[in-house]
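Remarks on the structure that follows.
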Amino acid sequence: MKYLIFILFLACFGLIIGGFIMETENSQKLIGSGVAVLFLLVFPLFSYYRWKDKNLKDYMLTKENMDKMRENQKRNRL
């Protein structure tokens, strides 16, 4: 999955750079398709890959997590 995301990122980056460098009638379409694929496919795949094994409850501000943060602050001050 990591390599697929990296290859897609390079392909999108190549389309964007190629659209800027080439002076053809399709250069704007190359730039647009590169940006669209980057934001509609690559970024969601990357987000899924990075968050798939994480527990979302660890990152939410619940009462238990607030108490843990306060405890850690008190411990670090001493």
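Just so we're aligned: the sequence shown equals residues 203 to 280 in my numbering. Even glycine gets a Cβ: it sits at the ideal position worked out from N, Cα and C.
In the three-state reduction of the DSSP assignment, Leu263 falls in the coil class, being assigned neither a helical nor a strand state. In this model, Glu266 and Asp255 are separated by some 21 Å (Cα to Cα). Taking 7 Å as the cut-off, the beta carbon of Ile233 is found no closer than this to the beta carbon of Gly216.
For Cys214, same chain residues with a beta-carbon under 7 Å away, outside a window of 5 residues either side, are Gly236, Val239, Leu240, Val244 in chain order. The continuous alpha helix (DSSP H) containing Phe222 extends over residues 204 to 223.
In the structure shown, the three-state DSSP call for Lys256 is coil.
Leu206 and Ile219 have their C-alpha atoms some 20 Å from each other.
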